[in-house]
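Undergrad: Residue numbers (our numbering): 754 to 815.
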């Protein structure tokens, strides 16, 4: 997902060896075993409400 949605060309530069320390390219990326909050990047309009519900449920906000 990150590579296909890279707006700044970071992954392209990493593929060419121009920059280093990019997760999934030259750094290992470990997915969380059990995430507390999972968002679907393809549903951006609905994610704000999901985040606020999580924050409220966990007494983080407000």
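For glycine and all other residues, C-beta sits at the position ideal for the given N, C-alpha and C.
Measure the C-alpha to C-alpha separation of residue 800 and residue 806 and round it to an integer number of angstroms.
TA: Translated into the one-based positions of the chain shown, residue 800 becomes position 47. Translated into the one-based positions of the chain shown, residue 806 becomes position 53. Distance between the alpha carbons of residue 800 and residue 806 is about 10 Å.
Undergrad: Closest by CA to residue 776, which one among 788, 763, 787, 786?
TA: Taking the chain shown and counting its residues from 1, one reaches residue 776 at position 23. For the residues 788, 763, 787, 786, the minimum Cα distance to residue 776 belongs to 763.
Undergrad: Relative to the alpha-carbon of residue 757, which residue among 813, 810, 795 has its alpha-carbon at the smallest distance?
TA: Here residue 757 is taken as the residue at index 4 of the chain shown, counted from 1. Answer by Cα proximity: 795.
Undergrad: Which residues in the same chain have their Cβ closer than 8 Å to the Cβ of residue 812, if we skip the five residues on either side of it in sequence?
TA: Translated into positions along the chain shown, residue 812 becomes position 59. Contacts found: none.
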